[in-house]
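Participant: Questions regarding the structure given below will be posed in turn.
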Amino acid sequence: DAGVTQSPTHLIKTRGQHVTLRCSPISGHKSVSWYQQVLGQGPQFIFQYYEKEERGRGNFPDRFSARQFPNYSSELNVNALLLGDSALYLCASSLEQGWGEQFFGPGTRLTVL
Amino acid sequence: GESVGLHLPTLSVQEGDNSIINCAYSNSASDYFIWYKQESGKGPQFIIDIRSNMDKRQGQRVTVLLNKTVKHLSLQIAATQPGDSAVYFCAENMLGGGATNKLIFGTGTLLAVQP
Chain A
38 DAGVTQSPTH LIKTRGQHVT LRCSPISGHK SVSWYQQVLG QGPQFIFQYY
88 EKEERGRGNF PDRFSARQFP NYSSELNVNA LLLGDSALYL CASSLEQGWG
138 EQFFGPGTRL TVL
Chain B
53 GESVGLHLPT LSVQEGDNSI INCAYSNSAS DYFIWYKQES GKGPQFIIDI
103 RSNMDKRQGQ RVTVLLNKTV KHLSLQIAAT QPGDSAVYFC AENMLGGGAT
153 NKLIFGTGTL LAVQP
């Protein structure tokens with residue numbers, strides 16, 4: 038079975054631009070969460086979506102938004118990019134809300150110049 | 053590739069020795085704990101989990117110990133191999149239908165296995 042997939046693998050943007058990152062969860066998983074990992078630190082929670090609804094949000098500005106589609110895939114959008122948004126963006130999927138075990142994708146490496 | 057281990061605590065062990073990685077968690081209400089392994093340039097990989105109604109759980113070559121009194125978690129790796137070299141993160145969560153899937157990660161420990 039395929040694991041969590043994310044696209045693109047790498048992305049380079051300039052300040053002020055916007056970006057859309059994509060995630061496909063493991064087949065049968067209904068919950069998708071997004072994390073930001075700055076180099077040298079642990080992942081930080083951004084959003085959780087379950088059944089197309091936002092179920093949790095971390096301490097990130099409104100420039101960050103996301104959505105989940107009927108097939109449970111998800112997009113993370115970041116507007117007005119800042120240099121500090123440069124990070125590895127990780128998607129994790131789990132079977133249900135509040136299930137526990139989460140599986141991570143390989144991430145999208147975003148570089149903002 | 054880039055390293056996720058910059059400025060992280062480092063544990064250096066000899067191949068074949070046992071490794072113990074420690075973690076202090078923050079929320080006394082957390083009832084589910086996970087250890088992840090992250091290799092350079094990759095996403096975190098699930099190793100083992102434990103629920104708060106247990107104090108020990110064993111997997112293949114790995115054991116997780118939970119001490120709720122002092123909010124401490126440890127990961128023991130038996131017969132450490134060069135392929136175990138990576139950054140290890142503990143993460144905490146709360147289970148249940150009303151809970152989110154928000155994982156709170158610790159700072160990470162870089163495990164360096166010397167051949």
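Residue numbers (the working numbering), protein chains in the order written: chain A, 38 to 150; chain B, 53 to 167.
Don't be surprised by glycine CBs; every beta carbon is placed ideally from N, CA and C.
Given a cut-off of 8 Å on the beta-carbon distance, is the pair A:Val115 and A:Val69 in contact?
Facilitator: Not a contact, by the Cβ cut-off of 8 Å.
Participant: Taking the continuous beta strand (DSSP E) assigned at B:Tyr77, which residues delimit it?
Facilitator: Per DSSP, B:Tyr77 belongs to no beta strand (DSSP E) and is neither H nor E.
Participant: Using beta-carbon positions only, say whether A:Trp61 and A:Ser110 come within less than 8 Å of one another.
Facilitator: Strictly speaking, residue 61 of chain A in this sequence is Ser, with Trp absent from that position. Taking 8 Å as the Cβ cut-off, A:Ser61 and A:Ser110 qualify as a contacting pair.
Participant: Would you mind telling me which residues of chain A sit closer than 8 Å to B:Thr159, beta carbon to beta carbon, in chain order?
Facilitator: Here the neighbours are Gln78 and Gly79.
Participant: For A:Lys67, tell me which candidate among A:Glu91, A:Tyr126, A:Ile49 and A:Gly121 has the shortest Cα-Cα distance.
Facilitator: Nearest option by C-alpha distance: A:Glu91.
Participant: Tell me the rounded alpha-carbon separation between B:Leu164 and A:Gln43.
Facilitator: The sequence shown places Ala at residue 164 of chain B, not Leu. Looking at the two C-alpha atoms, the distance is approximately 28 Å.
Participant: Which of the residues in the segment 87-101 of chain A, read from start to end, lie with their CB under 8 Å from any CB of chain B?
Facilitator: Those would be Tyr87, Arg92, Gly93 and Gly95, in chain order.
Participant: With a threshold of 8 Å, are at least 3 pairs of Cβ atoms found where one atom belongs to the segment 152-163 of chain B and the other to the segment 130-141 of chain B?
Facilitator: Segments in contact, yes.
Participant: For the putative contact between B:Pro96 and B:Tyr88, defined by C-beta atoms under 8 Å, what is the C-beta separation to the nearest angstrom?
Facilitator: About 4 Å; that satisfies the 8 Å criterion.
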